[in-house]
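To start, the structure under review is shown below, and the notes come after it.
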Amino acid sequence: MSPSTHPTPPFAVLPSSTPTRPPPTNLVLFTTPLTLASLAPDCRTCAICHETFGEYRPNISFQTQTTIQEWAVRVEITASPDSSLHLCGHVFGKRCLENHLNSRQPWHNKCPMCRMVWFEYGSEGRKVAAPGAGTWVESEVVRESTTGGLDGADDGGLSNRGRLRRSAGFLQQVLEAFNMEEGSDEVKMSIEEVERALERLYSSLEGTGER
33 MSPSTHPTPP FAVLPSSTPT RPPPTNLVLF TTPLTLASLA PDCRTCAICH
83 ETFGEYRPNI SFQTQTTIQE WAVRVEITAS PDSSLHLCGH VFGKRCLENH
133 LNSRQPWHNK CPMCRMVWFE YGSEGRKVAA PGAGTWVESE VVRESTTGGL
183 DGADDGGLSN RGRLRRSAGF LQQVLEAFNM EEGSDEVKMS IEEVERALER
233 LYSSLEGTGE R
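Right, dumping it as structure tokens:
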């Protein structure tokens with residue numbers, strides 16, 4: 033896999049007083065951890081904090097190991113109860129990416145580099161991503177609650193009851209679909225396999241008769 037070679041623009045910081053919008057009910061972000069050897073010499077610093085990447089170390093939690101140098105991860109796919117989307121493929125430090133997603137600021141749903149929208153607030157409809165070329169992925173599970181947007185059926189025809197049931201069980205469905213233990217963030221699949229597993233998951237959700 034070729035490393036990202038996109039230029040690194042300044043990371044825009046918006047005023048903290050800017051009002052935030054309700055995030056999606058549940059979101060799973062699939063990323064590919066990258067070794068230093070797979071990165072070009074000029075792509076070995078985080079685009080957010082500009083610190084040098086460390087070597088990839090599986091099964092390490094930054095929440096308990098706060099002094100460990102963060103490694104590089106490439107964003108691949110986002111999956112929500114309603115849709116999946118193949119992302120821009122930019123590379124960030126794992127800890128910085130987690131902080132970005134959890135910032136709850138108005139731009140936390142966008143790529144800090146190219147501003148691609150990784151997920152919409154209350155987005156509707158299926159978006160099936162094109163196959164990627166990953167060999168190993170991790171998942172970042174963002175557990176957030178929406179505050180509205182469930183009045184009436186959505187544009188795709190999913191009823192309130194169906195939308196709520198789909199959202200409530202989505203994270204558990206993902207854990208089961210990818211044979212993940214709760215609390216784990218490793219998925220031993222290629223991006224192509226992730227795509228196919230998501231297709232099967234969405235097909236099973238659509239076949240529950242909740243439309």
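Residue numbers (our numbering): 33 to 243. Beta carbons: idealized from backbone N, C-alpha and C, even for Gly.
Inter-residue Cα distance where the pair is residue i and residue j
i       : j       : result
Val-206 : Gly-86  : 29 Å
Phe-124 : Gln-204 : 27 Å
Arg-232 : Ser-222 : 15 Å
Val-226 : Leu-119 : 13 Å
Cys-75  : Lys-142 : 20 Å
Ser-116 : Thr-99  : 34 Å
Ala-165 : Ala-104 : Any reading at Ala-165 is ruled out, since the residue's pLDDT is 34, under 50, leaving its predicted position unreliable.
Arg-228 : Ser-235 : 11 Å
Asn-211 : Met-148 : 30 Å
Ala-68  : Asn-58  : In the sequence under discussion, the amino acid at residue 68 is Leu, which differs from the Ala named in the question. Cα to Cα, the separation comes out at about 31 Å.
Ile-92  : Glu-130 : 14 Å
Leu-237 : Leu-230 : 10 Å
Residue from the options whose Cα sits closest to the Cα of residue i
i       : options                            : result
Cys-78  : Leu-230, Phe-210, Ile-223, Lys-126 : Lys-126
Glu-218 : Leu-71, Cys-143, Arg-89            : Arg-89
Trp-150 : Gly-121, Asn-131, Cys-128          : Gly-121
Arg-106 : Ser-70, Phe-210, Leu-230           : Ser-70
Thr-84  : Ser-235, Arg-136, Cys-128          : Cys-128
His-82  : Pro-144, Asn-58, Ile-92            : Pro-144
Under 7 Å between C-beta atoms of residue i and residue j
i      : j       : result
Leu-66 : Thr-110 : no
Thr-63 : Glu-108 : yes
Three-state class that DSSP yields for residue i in the structure shown
i       : result
Leu-119 : coil
Asn-141 : coil
Ile-223 : helix
Glu-102 : coil
Leu-71  : coil
Leu-237 : helix
Leu-190 : Any reading at Leu-190 must be qualified, since the residue scores a pLDDT of 37, below 50, and its modelled position is unreliable; the value itself is stated next. Reduced to three states, the DSSP call for Leu-190 is coil.
Heavy atom of the ligand MN within 6 Å of residue i beta-carbon
i       : result
Cys-146 : The ligand MN is not part of this structure, which contains no ligands at all.
Presumed contact (8 Å Cβ cut-off) between residue i and residue j, rounded CB distance
i       : j       : result
Phe-202 : Pro-138 : At roughly 24 Å, the Cβ-Cβ gap does not stay under 8 Å, so Phe-202 and Pro-138 are not in contact.
His-140 : Ile-80  : About 12 Å separates the two Cβ atoms, so there is no contact after all.
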